[in-house]
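Participant: In the numbering used here, the protein residues as written are 185 to 638. Note that beta-carbon positions come from the ideal geometry of N, C-alpha and C, so glycine has one too. From a predicted model like this one, the values you see are computed outputs, not experimental measurements. Attaching a single structure in structure tokens format; questions to follow.
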Amino acid sequence: MSAHRPAAAADTARGAAAVPSPGFDTAWAHPLLGRLLRDQSRRQRLDRRHPWLLDTAVVLIVVAVSLPDLFWGNGASPFGDMDARDQLPSAVPFVVAAALAIPLWWRRRAPAVTYFVIASVSLVQWSLGLWLPAGLGALIALYTLARIGSLRVLGWAAALTVAELLLAVFVLVPIDHPLLGSFFLLGTATASIAIGLTLRIRQMYLGALEDRAKRLEIEQDQRLRLTAAAERSRVAREMHDIVGHNLSVMVSLADGAATLAANRGEQSTDALRILGDTGRQAMSELRRVLGVLREERDGEQLLSPQPAIGDLDPLLTRVRAAGLAVTYRTVGNLDSLSSGVQLTVYRVVQESLTNTIKHAGIGASADVTIAVEAGEVRIRVADTGVPPGAPARAKPETQNSDPGHGLVGIRQRAAMYGGTVIVGPRETGHGWLVDVVLDVPSAPTPPAPGEQPS
Numbered sequence: 185m186s187a188h189r190p191a192a193a194a195d196t197a198r199g200a201a202a203v204p205s206p207g208f209d210t211a212w213a214h215p216l217l218g219r220l221l222r223d224q225s226r227r228q229r230l231d232r233r234h235p236w237l238l239d240t241a242v243v244l245i246v247v248a249v250s251l252p253d254l255f256w257g258n259g260a261s262p263f264g265d266m267d268a269r270d271q272l273p274s275a276v277p278f279v280v281a282a283a284l285a286i287p288l289w290w291r292r293r294a295p296a297v298t299y300f301v302i303a304s305v306s307l308v309q310w311s312l313g314l315w316l317p318a319g320l321g322a323l324i325a326l327y328t329l330a331r332i333g334s335l336r337v338l339g340w341a342a343a344l345t346v347a348e349l350l351l352a353v354f355v356l357v358p359i360d361h362p363l364l365g366s367f368f369l370l371g372t373a374t375a376s377i378a379i380g381l382t383l384r385i386r387q388m389y390l391g392a393l394e395d396r397a398k399r400l401e402i403e404q405d406q407r408l409r410l411t412a413a414a415e416r417s418r419v420a421r422e423m424h425d426i427v428g429h430n431l432s433v434m435v436s437l438a439d440g441a442a443t444l445a446a447n448r449g450e451q452s453t454d455a456l457r458i459l460g461d462t463g464r465q466a467m468s469e470l471r472r473v474l475g476v477l478r479e480e481r482d483g484e485q486l487l488s489p490q491p492a493i494g495d496l497d498p499l500l501t502r503v504r505a506a507g508l509a510v511t512y513r514t515v516g517n518l519d520s521l522s523s524g525v526q527l528t529v530y531r532v533v534q535e536s537l538t539n540t541i542k543h544a545g546i547g548a549s550a551d552v553t554i555a556v557e558a559g560e561v562r563i564r565v566a567d568t569g570v571p572p573g574a575p576a577r578a579k580p581e582t583q584n585s586d587p588g589h590g591l592v593g594i595r596q597r598a599a600m601y602g603g604t605v606i607v608g609p610r611e612t613g614h615g616w617l618v619d620v621v622l623d624v625p626s627a628p629t630p631p632a633p634g635e636q637p638s
């Protein structure tokens with residue numbers, strides 16, 4: 185039975201009226217139902233390729249049903265004996281039967297026109313006192329109208345059918361049992377409409393399921409794209425924070441070593457200057473490449489492992505090794521902060537010290553303070569600026585200039601916690617200040633011994 189599943193998938197992919205579901209899979213696995221479903225799928229594919237085959241087959245079936253009565257019938261109706269056929273030319277029954285069957289060839293292209301034509305011929309048939317098996321064509325036309333035609337036209341067709349059948353039974357062709365005849369004829373007409381509407385509703389339901397499956401596939405693709413974009417943004421920011429900081433330290437060390445080598449008259453001066461220039465060029469290329477990956481977003485999904493406040497000590501050690509004197513102070517219980525807040529604190533300090541090395545130089549000093557108070561975390565990084573006598577460097581990014589990724593990242597991280605960021609010159613007029621305040625709810629205090637928690 186498992187060998188039937190590829191056929192099911194192929195039929196669905198080719199447009200068969202089937203929607204994968206647990207119940208549908210069970211039907212395909214059933215010996216009898218699976219065979220019926222596969223036969224139906226083959227017939228649907230054949231009908232889509234050659235629609236005229238089915239239309240011709242319906243016409244031939246109606247003609248074949250009518251032939252025995254046309255050649256050997258005695259004019260008897262389903263509700264009694266009649267001799268009206270003997271009073272008519274012999275060709276009339278054949279013409280009427282053809283007029284009832286041939287319009288069915290256009291039933292799917294023009295269902296309303298086909299039905300009203302056959303209904304008119306049926307009225308003529310009963311007016312002549314005939315009951316022909318070809319009248320089956322009226323039921324087929326009514327079914328087709330309910331299946332694929334206009335519902336508004338179907339309502340008029342149903343009313344016309346009722347009126348026409350009652351007229352035929354009680355007026356045009358008197359029969360032995362009119363109530364039984366009307367019940368039988370109206371019942372068959374109702375069944376034709378009911379079957380057509382049932383299959384129509386089923387097709388609409390399957391179409392809705394297929395449309396839903398397509399929309400879910402599109403939504404899944406969109407979610408994948410959004411996730412990939414968020415991941416690119418996160419990777420770009422992390423690369424800027426990590427690689428940019430390390431490159432800044434390496435460039436500062438190269439510049440300091442080049443200056444020291446020049447004072448000593450060593451031959452490595454040019455090589456060290458080339459190393460510093462190469463590092464600066466690498467930082468410029470890094471910003472350009474990360475600009476392609478970054479997308480401005482309100483938040484990001486953080487993946488473990490990530491730096492925390494405990495990783496500040498190795499960071500400050502590397503910064504001090506680069507020649508920047510750093511003083512580090514903490515106030516409050518920093519370990520009580522969540523991992524997301526600790527990552528934000530780490531990145532703010534890292535970016536601030538990177539800007540200090542880049543713009544103030546390794547001869548400057550910086551003061552780092554992290555304070556955890558009631559509902560707030562304050563990160564303050566202040567440097568002394570370019571040392572006296574040292575060559576002037578480019579000013580750091582300010583809020584009024586075109587900000588780089590570093591300070592933009594600081595502002596975005598602070599915004600995640602409803603915080604504020606102040607970046608600018610110190611009040612003393614010498615040096616630079618980065619002051620970030622994060623709005624962090626204070627952790628709940630444990631209940632005292634013997635006290636019931638609220």
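With a 10 Å radius around its C-beta and 16 neighbouring C-beta atoms as the bar for buried, classify L216 as buried or exposed.
Facilitator: Counting every other CB atom within 10 Å of its CB across the protein chains shown gives L216 a total below 16, marking it as exposed.
Participant: What residues in its chain sit with their C-beta under 7 Å from that of D619, if we drop five residues either side in the sequence?
Facilitator: R564 and I606
Participant: Can you list, in chain order, the residues of its chain whose CB lies under 7 Å from that of R227, leaving out five sequence neighbours each side?
Facilitator: none
Participant: So, helix, strand or coil for A624, using DSSP?
Facilitator: Per the sequence presented here, residue 624 reads as Val, with Ala not at that position. Coil, per DSSP.
Participant: If I'm right that L288 touches V242 with Cβ under 8 Å, what's the distance once you round it to whole angstroms?
Facilitator: 5 Å
Participant: P609 bridges to which residues according to DSSP?
Facilitator: W616
Participant: Using a threshold of 8 Å, state whether the C-beta atoms of L622 and G603 are closer than that.
Facilitator: Contact check for L622 against G603 passes: the beta carbons are separated by less than 8 Å.
Participant: Rank W616, D551 and R336 by C-alpha distance to the C-alpha of L381 and give the top, closest one.
Facilitator: R336
Participant: Which value, in whole angstroms, describes the spacing of the CA atoms of G516 and A412?
Facilitator: 38 Å
Participant: Tell me whether the beta-carbon of A352 lies closer than 8 Å to the beta-carbon of W310.
Facilitator: yes
Participant: So what's S376 in DSSP terms, helix, strand or just coil?
Facilitator: helix
Participant: When the Cα of Y327 is compared with those of L356, A378, Q406 and R232, which residue comes out closest?
Facilitator: A378
Participant: So for V167, helix, strand or coil by DSSP?
Facilitator: Here the chain covers residues 185 to 638 and nothing more, so residue 167 does not appear.
Participant: Which whole-angstrom value is the C-beta distance of S225 and P317, which I expect to be below 8 Å?
Facilitator: At roughly 32 Å, the Cβ-Cβ gap does not stay under 8 Å, so S225 and P317 are not in contact.
Participant: For L393, decide whether its Cβ has a neighbour in chain C, counting only Cβ atoms nearer than 8 Å.
Facilitator: Of the protein chains in the structure, only one exists, and it is not chain C.
Participant: With burial defined as no fewer than 16 other Cβ atoms inside 10 Å of the residue's Cβ, what is the status of W616: buried or exposed?
Facilitator: Per the 10 Å Cβ criterion, buried.
Participant: Smallest Cα separation from G608: which of P295, P277, E557 and D567?
Facilitator: D567
Participant: Taking the alpha carbon of R513 as the point to measure from, which residue in A548, L349 and V556 has its own alpha carbon closest?
Facilitator: V556
Participant: Am I right that S549 and L508 are in contact with their C-beta atoms under 8 Å? What's the rounded C-beta distance?
Facilitator: 7 Å
Participant: Is N539 buried or exposed, if buried means 16 or more other CB atoms sit within 10 Å of its CB?
Facilitator: buried
Participant: Going by alpha carbons, who is nearest to S523 out of K542, I493, I546 and A506?
Facilitator: I493
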